[in-house]
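Remarks on the structure that follows.
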Amino acid sequence: MPRTDRGSAVPRRSRRLNAADVEQVFREEYGRAVAVLVRRFGDIDVAEEAVQDAFVEALRRWPDSGIPPSPAGWIITTARNRAVDRLRREASRADRHAQAALLHAAAEPRDEGAVKDERLRLIFTCCHPALAPAAQVALTLRLLGGLTTTEIARAFLVPEVTMAQRIVRAKGKIRDAGIPYRVPAEEDLQARVRAVLAVIYLVFNEGYTASSGESLIREDLATEAIRLGRIVAELMPREPEATGLLALMLLIHARRQARVGADGNLVLLADQDRSLWDRALVAEGQELVRRCLTINRPGPYQLQAAIQAVHSDADRAQETDWWQILQLYNQLMVVAPSPVVELNRAVALAEVEGPDAALGLVDMLNLEGYYLYHSIRADLLRRRGRDAEAALAYERALALTDNRAEREFLGRRLREVRR
Amino acid sequence: MKQYLMSVYHPEDRELSKADMDASGADVDALNVEIRKAGAWVFAGGLHPSSTATTLRVKDGEVLTTDGPFAEGKEHIGGFWVIKVPNLDEALRWGARATQACRVPIEVRPFHDEAED
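Chains A and B supply the protein sequences, listed in that same order.
Following the working numbering, the numbering of the first sequence begins with 1178 at its first residue and continues without gaps.
Following the working numbering, the numbering of the second sequence begins with 108 at its first residue and continues without gaps.
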């Protein structure tokens, strides 16, 4: 898989290191190390503490010794030794918890050779259906992404205390209720994979269209979602939906520069300066779409990615192959029918058959509480010259979104139809 | 192995029809056979309605006895299983079977680990 972001730009040996270099290794390797140690000790807190200790040690040692040939291996070995030392001290004081973790470690097979990637087990644990969706998201970002509680709280505009409680409670439930660290059994796998992909896409969407707040795109969250998407797609190469989700996120993320105008306003796909699209991400996304579609098990993420790939093919909006997009929406309505998909299908239908056909479809949908429904309906009415009705629909849309950029766009359109 | 409590929650205001009760009873019997066969069985039992409950509490150093359930709610525990399985996934698998058999919601909760674990 071609890697266009980060990759292994880690400086090797010789050069003097600084805290930023260790920070980079931390970002890359934290989740991998925690996953290995959770497997070994059967306890998330033991794993997190040991890995954090190991990074503190790295910060102290690497500036003199240089980054070791395998930073991940060094971190994992150091963390494991630290954990064992600490647990032995605590176990000798009759700490049952420490004794249990040591017993667990003794029962696990030794893994002296190449370190196995255990992140898939851990992500299935984090996204277990017995945990609330908000807890799934927080744990995934914390344990696999290495984000601090403060960072996660800030990203989701939740008080830090609330987020800390959410994470502590979720970790407590994993431990006490016995949520297993494992890739689910075959009969549960499809449903569980869907839950994992849903968490990643939720993180991406929160980063992409922040539902409230000043900035239209919170790039750190979108980047983190793509990084998690890469891990899952790499670890589940036979799951085309995982590849489909990665492709979908890359194709959307490729447009981030074009999506916000110089004035901070939202720019619709049709009006975007396509020369601002990130060509490398588009190419990677399109290649992934081709690859997963050849497996011939289409699912919602693959089809949505394919739709974005068709958009990305057009150098100018007028060249968009709307007929092909309409066919893909038809397919999407078969595998994952929903009013929102139907709404998007109506947008494609408007381009192929005209706004009247699309309005007929839109008026049958029950999406009163969804601002995009009113926004799209308003646009169709405007194109038919039904300005008074369009104005009403823009007003409804405005009443339903708090995002500043979206509000400014809707306000502009409203003034146009009122003229 | 971990032990889990599977509580059966009966809405107070909803009575199953005779036919549904019989069908549910047969499903629960069949499920019990399966739980035993899988080696997950610890204990199970059905309870009389909450109107038969007596609640005890200490007030000012005295034990106070009152007629009726502890909490007047819209649903009460009508029965329960205690099962012994390796992890929550296995417990939820039995819980899913139990809610289908009983036709009412099931709550799954872990017991504190026993000393020998």
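Ideal Cβ positions, reconstructed from N, Cα and C, are used throughout, including at glycine.
Going by the CB atoms, is the gap between Ala1249 of chain A and Leu1214 of chain A shorter than 9 Å? no
When you compare only the Cα positions, how much space is there between Ala1330 of chain A and Leu1318 of chain A? 11 Å
So with Cβ pairs under 9 Å, would you call Gly1323 of chain A a contact of chain B? no
Can you list, in chain order, the residues of the region 1328-1355 of chain A whose Cβ is nearer than 7 Å to any Cβ on chain B? Asp1353, Ala1354 and Gly1355
Helix, strand or coil for Asp134 of chain B, going by three-state DSSP, please let me know. helix
How would you label Asn1580 of chain A, buried or exposed, when you count the other beta carbons within 10 angstroms and need 16 or more for buried? buried
Spatial neighbours of Ala1424 of chain A within its chain, please: C-beta separation below 6 Å, excluding the five flanking residues on both sides. Gly1462, Leu1465, Val1466 and Ala1482
Span of the beta strand (DSSP E), counted from its first residue to its last, around Glu1585 of chain A: Not the beta strand (DSSP E): Glu1585 of chain A falls in the alpha helix (DSSP H), residues Arg1581 to Arg1595.
Answer with buried or exposed for Asp1556 of chain A, where buried requires no fewer than 16 other C-beta atoms within 10 angstroms of its C-beta. buried
Go to Gln1495 of chain A, then tell me how far its beta strand (DSSP E) extends in each direction, as first and last residue. Gln1495 of chain A -> no beta strand (DSSP E), and no H or E assigned at all.
Taking all protein chains shown into account, decide if Gly202 of chain B is buried (16 or more other Cβ within 10 angstroms of its Cβ) or exposed. buried
Count the CB pairs spanning the region 144-156 of chain B and the region 188-207 of chain B that are closer than 8 Å, and state whether there are at least three. yes
Label Glu1225 of chain A either buried or exposed according to how many other C-beta atoms from any shown protein chain fall within 10 Å of its C-beta, with 16 as the threshold for buried. buried
Endpoints, beta strand (DSSP E) assigned at Ala160 of chain B: Element bounds for Ala160 of chain B: n/a, residue is neither H nor E.
Can you tell me where the alpha helix (DSSP H) with Ser1515 of chain A in it begins and where it stops? Neither: Ser1515 of chain A is in no alpha helix (DSSP H) and is coded neither H nor E.
Give me the Cα-Cα distance between Gln1495 of chain A and Gln1449 of chain A, rounded to the nearest whole angstrom. 12 Å
For a test of the three-state rule: what should DSSP assign to Thr1578 of chain A, helix, strand or coil? coil
Compile a chain-ordered list of the residues in the region 1306-1320 of chain A whose CB is closer than 7 Å to at least one CB of chain B. Ala1307
Classify Val1376 of chain A as helix, strand or coil using the three-state DSSP reduction. helix
Between A:Ala1447, A:Ile1484, A:Ile1429 and A:Arg1468, which lies nearest to Val1459 of chain A when the distance is taken from Cα to Cα? A:Ile1429
Below 8 Å on the Cβ atoms is my guess for Cys1303 of chain A versus Leu1320 of chain A; work out the distance and round it to an integer in Å. 6 Å
Contact criterion: CB-CB distance below 9 Å. Does Val1529 of chain A meet it with respect to chain B? no
Can you round the beta-carbon distance between Leu1591 of chain A and Leu1575 of chain A to whole angstroms, since I take them to be within the 8 Å contact cut? 7 Å
From Ser1389 of chain A to Gly1438 of chain A, what distance separates their C-alpha atoms? Only weak support is given to the placement of Ser1389 of chain A: the predicted model assigns it a pLDDT of 48, under 50, and the question is left unresolved by the model.
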